[in-house]
Amino acid sequence: NAGVTQTPKFQVLKTGQSMTLQCAQDMNHNSMYWYRQDPGMGLRLIYYSASEGTTDKGEVPNGYNVSRLNKREFSLRLESAAPSQTSVYFCASRTKSTDTQYFGPGTRLTVL
Amino acid sequence: GENVEQHPSTLSVQEGDSAVIKCTYSDSASNYFPWYKQELGKRPQLIIDIRSNVGEKKDQRIAVTLNKTAKHFSLHITETQPEDSAVYFCAASMRGAGGTSYGKLTFGQGTILTVHP
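Protein chains in written order, with the numbering used here: chain A, 11 to 122; chain B, 96 to 212.
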């Protein structure tokens, strides 16, 4: 049971490049989330998927898109990366019975 | 939307002392309040949570209290140890009509706790 996994662990992009961050969970959770973490600002919700087949915007969705590929996988795409998107990105999934969210190990992204 | 304020931003204590971190929230409909611990370079991990129908919850050296009227909740760590040193985040989430919760968490800014041996 790996829990929540994310790839890649680190990534450096140039301004304007695109990339997709991958997230998968093996806990059979319905809900999945993408957060970004910046120094002094805590974690902020980018997008979430309450259940397979649905996605919705969070607090800071601009510049991002998501895909809930199936119940296990939830990806985050940056179409045209900007330096302001330099951050650590965490994926999480939630068990509905207790509301507990479990986080992945994170992806550290730098946009030059 | 919900707004969560967390204080202090840094907290330094001696081993064995108690530590208290406080959070306030803005949306009276919020009803789930978790606390996460994040060690350097690691993922956030849940250490304790509380729901709005409970005023206090304890788990060994950790306790959380909730005051719904004042819209604030606090984390209490007793007998602190050096391994308690980390960043602590509070968060708030609202359960919607009919009990449906999408689990959207709003986080505080974090508290860097340092426990000196």
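Even glycine gets a Cβ: it sits at the ideal position worked out from N, Cα and C.
Note that the structure is a prediction, hence the values are computed from the model and not measured.
Excluding the 5 residues flanking it on each side, Asn-40/A has same chain C-beta neighbours closer than 8 Å at Ala-60, Ser-61, Glu-62, Lys-81, Arg-104 and Lys-106, in chain order.
Contact annotation: in the stretch 165 to 189 of chain B, residues whose CB is within less than 7 Å of a CB in chain A are Phe-184 and Ser-188. Partner residues in the beta bridge of Arg-104/A, as assigned by DSSP, are Ser-41/A and Gln-111/A. Proximity of chain A to Pro-139/B at the Cβ level (cut-off 8 Å) is accounted for by Leu-53, Phe-100 and Phe-113, in chain order. The criterion of a C-beta distance shorter than 8 Å is satisfied by Ala-186/B and Tyr-131/B. Taking C-beta atoms under 8 Å as the contact rule, Phe-168/B and Phe-128/B qualify, at a distance of about 5 Å. When Cβ pairs closer than 8 Å are counted between the two stretches, the stretch 25 to 38 of chain A is seen to touch the stretch 83 to 96 of chain A, the count reaching three or more. For the stretch 127 to 153 of chain B, the residues whose beta carbon sits under 9 Å from a beta carbon of chain A are, in order, Tyr-127, Pro-129, Tyr-131, Gln-133, Gly-136, Lys-137, Arg-138, Pro-139, Gln-140, Leu-141, Asp-144 and Arg-146. Contact with chain A is found for Leu-200/B, since one of that chain's Cβ atoms lies less than 8 Å from the residue's Cβ. With respect to chain B, the C-beta atom of Arg-104/A has a partner C-beta closer than 8 Å. Taking 7 Å as the Cβ-Cβ cut-off, the stretch 74 to 89 of chain A has no residue approaching chain B. Non-local beta-carbon contacts of Val-22/A in its own chain, meaning distances under 7 Å to residues more than five positions away in sequence, involve Thr-120 and Leu-122 in chain order. Secondary structure at Gln-204/B: coil, using DSSP grouped into helix, strand and coil.
When 8 Å is used as the limit between beta carbons, Gln-204/B is near these residues of chain A: Gly-50, Met-51 and Gly-52, in chain order. Counting only the Cα atoms, Gly-13/A lies some 35 Å from Gln-109/B. Within 10 angstroms of the beta-carbon of Arg-78/A lie 16 or more other beta-carbons, which makes it buried. Under the 10 Å beta carbon count, Met-37/A is surrounded by fewer than 16 other beta carbons and is classified as exposed. With 16 or more other Cβ atoms inside 10 Å of its own Cβ, Thr-175/B counts as buried. Not a single C-beta of chain A is nearer than 8 Å to the C-beta of Tyr-120/B. Non-local beta-carbon contacts of Gly-26/A in its own chain, meaning distances under 6 Å to residues more than five positions away in sequence, involve Ser-90 in chain order. CA-CA distance, Val-210/B to Val-98/A, rounds to 26 Å. Against chain B, the beta carbon of Gly-63/A has no neighbour under 9 Å; the closest one sits roughly 14 Å away. Apart from the 5 residues on each side of it in sequence, Thr-160/B sits with its Cβ closer than 6 Å to the Cβ of Glu-151 and Ser-169 in its chain, given in chain order.
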